[in-house]
Amino acid sequence: MLKGPVAERFQSLIPPLAGHADPYKTIMESPELLDACFRFFRLKREAFADFLVDADGNPVSDETVRLKCGRSINEVIGMAVRTGMRSYAEGHFGDPITPPKVKTATPSAPQPKKISLKKRFKLINIESISSLFKRNYGQPRALLGGQTNSGRFYASIKDNLDYEWQVKFFPIYVEIPPHVFDRLGIGITRMDSEQRLQLLAEMAVTDINKAENAIKDPALFREMVEHNVLASATVSHLGEEGFESVHGALEHLDPQKKWDVLANKDTALRLHEDKRITKNDIAALADYLDMLNEYALDAIFDLKLNRDQMQMFLKTAEDNLGPRMFLALFGPIQTVMPDDHEEQQKMRRYQNFTQTALRSLVSAVKQLDDGLRKSGGEGSIEECLATVCRTRRIDLEKEVKKLIPSSLGA
Numbered sequence: 113m114l115k116g117p118v119a120e121r122f123q124s125l126i127p128p129l130a131g132h133a134d135p136y137k138t139i140m141e142s143p144e145l146l147d148a149c150f151r152f153f154r155l156k157r158e159a160f161a162d163f164l165v166d167a168d169g170n171p172v173s174d175e176t177v178r179l180k181c182g183r184s185i186n187e188v189i190g191m192a193v194r195t196g197m198r199s200y201a202e203g204h205f206g207d208p209i210t211p212p213k214v215k216t217a218t219p220s221a222p223q224p225k226k227i228s229l230k231k232r233f234k235l236i237n238i239e240s241i242s243s244l245f246k247r248n249y250g251q252p253r254a255l256l257g258g259q260t261n262s263g264r265f266y267a268s269i270k271d272n273l274d275y276e277w278q279v280k281f282f283p284i285y286v287e288i289p290p291h292v293f294d295r296l297g298i299g300i301t302r303m304d305s306e307q308r309l310q311l312l313a314e315m316a317v318t319d320i321n322k323a324e325n326a327i328k329d330p331a332l333f334r335e336m337v338e339h340n341v342l343a344s345a346t347v348s349h350l351g352e353e354g355f356e357s358v359h360g361a362l363e364h365l366d367p368q369k370k371w372d373v374l375a376n377k378d379t380a381l382r383l384h385e386d387k388r389i390t391k392n393d394i395a396a397l398a399d400y401l402d403m404l405n406e407y408a409l410d411a412i413f414d415l416k417l418n419r420d421q422m423q424m425f426l427k428t429a430e431d432n433l434g435p436r437m438f439l440a441l442f443g444p445i446q447t448v449m450p451d452d453h454e455e456q457q458k459m460r461r462y463q464n465f466t467q468t469a470l471r472s473l474v475s476a477v478k479q480l481d482d483g484l485r486k487s488g489g490e491g492s493i494e495e496c497l498a499t500v501c502r503t504r505r506i507d508l509e510k511e512v513k514k515l516i517p518s519s520l521g522a
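Per this note's numbering, the very first residue in the sequence shown carries number 113; after that it's consecutive.
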């Protein structure tokens with residue numbers, strides 16, 4: 113279906129495919145075209161309605177349900193991503209996935225094909241991320257007999273490809289040594305942003321080894337790798353005792369949430385290091401700990417909120433600041449800095465502003481609460497927070513819009 117009717121449908125809908133004798137092959141040889149096809153399908157799903165039916169001809173909207181062709185939409189997407197990766201690997205390494213059966217007397221080393229940068233996705237740090245992986249995880253090892261570079265690479269990655277957004281990372285994946293995929297596999301291909309891939313590249317393999325020793329349980333270590341391998345940096349610093357303590361307070365969460373909390377490194381470390389914070393406090397804050405920055409965590413304890421107030425305090429801030437402004441002040445602090453010096457300066461100015469704004473907001477809440485108490489007035493800390501947030505929101509939004517760097521979605 114993909115090679116025939118579906119490819120022909122895309123050919124009729126996407127101008128760059130017009131005139132190509134084999135649209136399927138053309139799509140699979142170009143990550144940009146493959147990505148465009150996925151995006152077109154999402155935007156114009158109705159154009160493919162005649163394919164999206166079950167064996168009885170009934171429309172299918174659930175992407176896990178099998179279609180008439182025998183596969184679900186999710187399965188078809190995974191197949192297309194893997195085929196695209198296979199084609200891209202052969203183009204990048206310059207040799208076939210499956211080596212020729214006829215052996216030559218003196219086989220020559222395959223020469224990687226140079227792929228024009230114009231054909232690559234516009235990712236900023238392909239070269240720097242690849243060099244970080246090779247520096248921190250080791251260079252590619254020597255090929256075994258009968259292997260090709262593309263064959264070894266594809267074997268290491270193919271079982272970890274399932275999602276259409278992975279296509280834009282093909283230029284980075286091929287630069288990562290295959291033995292890193294053999295060790296981390298799905299842990300790499302679940303990094304859904306360039307920033308997260310760079311954080312993983314910056315993390316030394318010793319951090320992963322230390323994390324494995326601290327966790328001790330092989331099944332639990334594999335759970336971490338599959339959900340958020342970036343938690344390794346935190347776990348390696350916590351050590352066995354610290355990990356048991358923090359993990360014990362979080363184990364009631366679903367695995368994805370739990371490891372996302374532990375991947376929020378500075379905040380997760382504070383949970384263990386700040387003696388004011390108990391296991392019950394961690395449980396009370398659990399819904400926000402994957403995004404809360406350490407300064408926001410300090411603010412909660414500086415205000416001496418009880419456990420019943422903690423989550424309500426954060427919910428009140430989110431409701432009255434709005435999701436975007438809440439994340440700007442309370443959310444994760446960007447640690448991956450742009451290469452460009454001017455952009456670095458913009459990032460630092462923005463971060464200084466948001467941290468100062470958070471401290472000022474908390475200080476204003478304290479003053480308002482103290483003033484109400486002294487005057488005998490009634491009101492809760494949440495009401496004070498809501499008042500301050502509503503009063504300052506417009507000015508904060510204007511300043512953030514002016515300062516936010518382009519890398520953060522300005």
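Heads up, the beta-carbon is just placed ideally off N, CA and C, and yes, glycines get one too.
How is the alpha helix (DSSP H) around residue i delimited, first residue to last?
{"i": "R183", "result": "That residue, R183, is in no alpha helix (DSSP H); it is neither H nor E in DSSP."}
{"i": "N464", "result": "453-487"}
{"i": "P283", "result": "282-285"}
{"i": "L365", "result": "Here L365 belongs to no alpha helix (DSSP H), and DSSP marks it neither H nor E."}
{"i": "L401", "result": "From DSSP, L401 is part of no alpha helix (DSSP H); its letter is neither H nor E."}
{"i": "N170", "result": "That residue, N170, is in no alpha helix (DSSP H); it is neither H nor E in DSSP."}
{"i": "L129", "result": "Note, L129: premise wrong, no alpha helix (DSSP H); not H, not E."}
{"i": "Y136", "result": "135-140"}
{"i": "E144", "result": "143-155"}
Among the options, which residue has its Cα nearest to the Cα of residue i?
{"i": "D294", "options": "N272, S268, T301", "result": "S268"}
{"i": "M424", "options": "L439, D399, R121", "result": "D399"}
{"i": "H349", "options": "T318, G360, P330, A361", "result": "T318"}
{"i": "L256", "options": "F281, S243, P290, K280", "result": "P290"}
{"i": "E202", "options": "P330, F282, M449, Y462", "result": "F282"}
{"i": "F160", "options": "R198, R178, A119", "result": "A119"}
{"i": "C501", "options": "L515, S472, Q446, S487", "result": "S472"}
{"i": "L397", "options": "I412, D386, E352", "result": "I412"}
{"i": "D420", "options": "D393, L409, F465, F442", "result": "D393"}
{"i": "E454", "options": "L125, S518, G483, G489", "result": "S518"}
{"i": "F251", "options": "I288, E276, Y266", "result": "In the sequence as displayed, the identity of residue 251 is Gln instead of Phe. Among I288, E276, Y266, the Cα nearest to that of Q251 is on I288."}
{"i": "S242", "options": "E314, Q463, K510", "result": "E314"}
{"i": "D372", "options": "T499, T138, G299", "result": "G299"}
{"i": "Y462", "options": "L404, K514, S344, C181", "result": "K514"}
{"i": "L381", "options": "G483, S357, T138", "result": "S357"}
{"i": "G196", "options": "R154, L312, V286", "result": "V286"}
{"i": "S262", "options": "N321, T210, F245", "result": "T210"}
{"i": "M403", "options": "I445, D166, M422", "result": "I445"}
In three-state terms, what does DSSP make of residue i?
{"i": "G517", "result": "Correcting the residue type first, residue 517 is Pro in the shown sequence and not Gly. Correct three-state label for P517: coil."}
{"i": "R334", "result": "helix"}
{"i": "P450", "result": "coil"}
{"i": "R302", "result": "coil"}
{"i": "R178", "result": "strand"}
{"i": "P117", "result": "helix"}
{"i": "P435", "result": "helix"}
{"i": "V341", "result": "coil"}
{"i": "K328", "result": "coil"}
{"i": "N261", "result": "helix"}
{"i": "P252", "result": "coil"}
{"i": "M191", "result": "helix"}
{"i": "K230", "result": "Below a pLDDT of 50, predicted positions are generally treated as unreliable, and K230, at 44, falls in that range; no measurement from the model is reported."}
{"i": "T390", "result": "coil"}
{"i": "R505", "result": "helix"}
{"i": "A380", "result": "helix"}
{"i": "P290", "result": "helix"}
{"i": "D372", "result": "helix"}
{"i": "Q123", "result": "helix"}
{"i": "T218", "result": "Legend: pLDDT at T218 = 44, less than 50; position of this residue unreliable, value from coordinates given subsequently. Reduced to three states, the DSSP call for T218 is coil."}
{"i": "D414", "result": "helix"}
{"i": "K510", "result": "helix"}
{"i": "N237", "result": "coil"}
{"i": "F163", "result": "coil"}
{"i": "P224", "result": "Note that P224 has pLDDT 45, beneath the 50 cutoff, so the model's placement of it is unreliable and no number is given."}
{"i": "S492", "result": "coil"}
Kindly give me the distance between the Cβ atoms of residue i and residue j, rounded to whole angstroms, as I take these residues to be in contact under 8 Å.
{"i": "L342", "j": "A375", "result": "4 Å"}
{"i": "R505", "j": "L433", "result": "6 Å"}
{"i": "K328", "j": "G360", "result": "Rounded, the Cβ-Cβ distance is 14 Å, inconsistent with contact."}
{"i": "P208", "j": "T260", "result": "6 Å"}
{"i": "L362", "j": "T379", "result": "Contact doesn't hold; Cβ gap of about 12 Å is too wide."}
{"i": "S199", "j": "M113", "result": "Rounded, the Cβ-Cβ distance is 19 Å, inconsistent with contact."}
{"i": "H339", "j": "Q368", "result": "5 Å"}
{"i": "P143", "j": "V279", "result": "5 Å"}
{"i": "L146", "j": "A192", "result": "7 Å"}
{"i": "R178", "j": "D166", "result": "7 Å"}
Cβ contact (3+ pairs, closer than 8 Å) linking the stretch 424-436 and the stretch 487-496
yes
Contact between the stretch 236-249 and the stretch 296-310 is defined here as three or more beta-carbon pairs at a separation below 8 Å; is this criterion met?
yes
How do the stretch 148-166 and the stretch 122-132 stand: do at least 3 beta-carbon pairs fall below 8 Å, yes or no?
yes
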